[in-house]
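Right, one structure below, let's go through it.
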Amino acid sequence: MDTLISVIIPVYNRRIELEKCLKSLLGQTYNNFEAIVIDDASTLEIRDIVENMHDPRFIYIRNEKNGGPYNARTVGWKICKGEYFVNLDSDWEAFPWMLQRAIQLLDETPEADAVTGMFLRNEDSLVFARVRKGIKLVTPDDDVVISDGIDCIAVIRRSIIDEWLKKSHDYFALECHSWLAFSLKHSQLYIDEPWALYHTDSLNRVSPLLGKNQRQINDCLLFLKDYDNILQSVPRKDIDRMLITITKIFLKDLHWNGVKKCLFYMRIRNMAIQRILTDIIISGVVSRLGLSLKKRRELTKVTWID
Numbered sequence: 006m007d008t009l010i011s012v013i014i015p016v017y018n019r020r021i022e023l024e025k026c027l028k029s030l031l032g033q034t035y036n037n038f039e040a041i042v043i044d045d046a047s048t049l050e051i052r053d054i055v056e057n058m059h060d061p062r063f064i065y066i067r068n069e070k071n072g073g074p075y076n077a078r079t080v081g082w083k084i085c086k087g088e089y090f091v092n093l094d095s096d097w098e099a100f101p102w103m104l105q106r107a108i109q110l111l112d113e114t115p116e117a118d119a120v121t122g123m124f125l126r127n128e129d130s131l132v133f134a135r136v137r138k139g140i141k142l143v144t145p146d147d148d149v150v151i152s153d154g155i156d157c158i159a160v161i162r163r164s165i166i167d168e169w170l171k172k173s174h175d176y177f178a179l180e181c182h183s184w185l186a187f188s189l190k191h192s193q194l195y196i197d198e199p200w201a202l203y204h205t206d207s208l209n210r211v212s213p214l215l216g217k218n219q220r221q222i223n224d225c226l227l228f229l230k231d232y233d234n235i236l237q238s239v240p241r242k243d244i245d246r247m248l249i250t251i252t253k254i255f256l257k258d259l260h261w262n263g264v265k266k267c268l269f270y271m272r273i274r275n276m277a278i279q280r281i282l283t284d285i286i287i288s289g290v291v292s293r294l295g296l297s298l299k300k301r302r303e304l305t306k307v308t309w310i311d
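Written out as structure tokens, the structure is:
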């Protein structure tokens, strides 16, 4: 029997985008999947988009209280039945070969706990990351070197869900922490092949959350506490970037104790504190002027995985 893949799709108010996303799953060459749509307390009707697919593989669940995208994904993880799974944002469109290729590659590569394809950006067909020689198995040791903010889409083994569900916190402000935890001890296979279309023009990219600023502060403080040993001892670019992100959150809210904690870790990690703080201030000014998105697009470059 074909292996079941669970597709987890959190959504907030994205009717048009969600419909495109679900239709892209209908076009998959691999048919043994379930698509669990978690409506994160949308203020617009979402259920009908799912029901209009007229397909029992599509399952609708509604959170009555908004909890953010990571929380919504956790709801899906708890009920999914697949041996493999993929987190799919509601504004992504999967290319027809995505699930078929993922199954094939995971079956052929038992040493990898995830297989990772690339995004194609809708506005200019830019691929965010490329893999030299087409395919590469990245071990935790390799990831220390290449971790450079790679934006990709991965299909993952069931055992990883079980690990993530054991975590006591979801860190709304830092939902990428799950991938940090993954990459510290698991290998993944990168493939130089576009698997999904990434929409840059979508609205409501992240579910709103009441008291979001305070939630972000609390999440960041909790993250620093939970990852204290790693922050002090593991030299990785992605951890450096998370520290910079946390520092921005603290500075925005003038949370000086949080800033002091970040500076403590930055010194231990030999990060260029003065330059980082200058960049944070400049990026804040640029953002206030409304130029940040345009500037980011101008500076976007392909990340190569060697």
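Numbering of the sequence shown is given in my numbering, commencing with residue 6 and proceeding in unit increments. For glycine and all other residues, C-beta sits at the position ideal for the given N, C-alpha and C.
Counting C-beta neighbours from all protein chains within 10 Å, is the total for residue i 16 or more, i.e. buried, or is it exposed?
{"i": "Asn92", "result": "buried"}
{"i": "Pro115", "result": "exposed"}
{"i": "Ala277", "result": "exposed"}
{"i": "Trp82", "result": "buried"}
{"i": "Arg302", "result": "Low confidence applies to Arg302: its pLDDT is 49, below 50, so where it sits in the model is not reliable enough to give any reading."}
{"i": "Glu56", "result": "exposed"}
{"i": "His59", "result": "exposed"}
{"i": "Thr252", "result": "buried"}
{"i": "Ser164", "result": "exposed"}
{"i": "Arg137", "result": "exposed"}
{"i": "Ser11", "result": "buried"}
{"i": "Pro15", "result": "buried"}
{"i": "Lys306", "result": "exposed"}
{"i": "Ile286", "result": "exposed"}
Please report the straight-line C-alpha distance between residue i and residue j, rounded to a whole angstrom.
{"i": "Asn218", "j": "Asp258", "result": "8 Å"}
{"i": "Asp243", "j": "Asn127", "result": "26 Å"}
{"i": "Tyr35", "j": "Tyr75", "result": "26 Å"}
{"i": "Leu185", "j": "Arg246", "result": "11 Å"}
{"i": "His182", "j": "Gln221", "result": "14 Å"}
{"i": "Asp53", "j": "Ile66", "result": "12 Å"}
{"i": "Asp156", "j": "Phe90", "result": "18 Å"}
{"i": "Arg19", "j": "Arg272", "result": "42 Å"}
{"i": "Leu111", "j": "Trp261", "result": "46 Å"}
{"i": "Phe255", "j": "Val264", "result": "6 Å"}
{"i": "Ile13", "j": "Asp284", "result": "36 Å"}
{"i": "Leu304", "j": "Tyr17", "result": "Only weak support exists for where Leu304 lies, its pLDDT of 46 falling under 50; the coordinates are left without a value."}
{"i": "Glu50", "j": "Trp102", "result": "30 Å"}
{"i": "Ile41", "j": "Glu198", "result": "25 Å"}
{"i": "Leu142", "j": "Ala117", "result": "7 Å"}
{"i": "Ser238", "j": "Ser29", "result": "43 Å"}
{"i": "Ile108", "j": "Asp231", "result": "34 Å"}
{"i": "Asp96", "j": "Gln33", "result": "17 Å"}
Which of the three DSSP states is assigned to residue i in this structure?
{"i": "Glu98", "result": "strand"}
{"i": "Asn218", "result": "helix"}
{"i": "Pro199", "result": "strand"}
{"i": "Tyr176", "result": "coil"}
{"i": "Ser11", "result": "strand"}
{"i": "Cys181", "result": "coil"}
{"i": "Ile140", "result": "strand"}
{"i": "Ile158", "result": "strand"}
{"i": "Phe187", "result": "helix"}
{"i": "Leu194", "result": "strand"}
{"i": "Val132", "result": "strand"}
Name the residue from the options whose alpha carbon lies nearest to the alpha carbon of residue i.
{"i": "Phe269", "options": "Ser288, Leu229 and Arg241", "result": "Leu229"}
{"i": "Asp311", "options": "Ile84, Leu31, Glu168 and Gly139", "result": "Gly139"}
{"i": "His174", "options": "Phe63, Gly73, Phe38 and Asn68", "result": "Gly73"}
{"i": "Asn234", "options": "Trp169, Leu189 and Ile166", "result": "Leu189"}
{"i": "Val80", "options": "Asp45, Gly122 and Ile51", "result": "Asp45"}
{"i": "His204", "options": "Val160, Pro61, Asp94 and Lys70", "result": "Asp94"}
For the ligand ADP, I want to know if residue i counts as a neighbour, meaning its beta carbon is within less than 8 Å of at least one of the ligand's heavy atoms.
{"i": "Gly139", "result": "For the structure depicted, the ligand ADP is absent and the ligand set is empty, with no information on it obtainable."}
Worksheet entry | Any beta strand (DSSP E) of 3 or more consecutive residues that is wholly inside the segment 230-276 | none
Worksheet item: Enumerated in chain order, which unbroken segments of the alpha helix (DSSP H) with a length of 4 residues or greater are wholly contained in the segment 15-70?
Response: 20-31 and 52-56
Fill in: Runs of beta strand (DSSP E) lying entirely within the segment 100-130, each at least 3 residues, in chain order
Counting whole runs of 3 or more residues, the segment 100-130 contains the beta strand (DSSP E) stretches 119-126.
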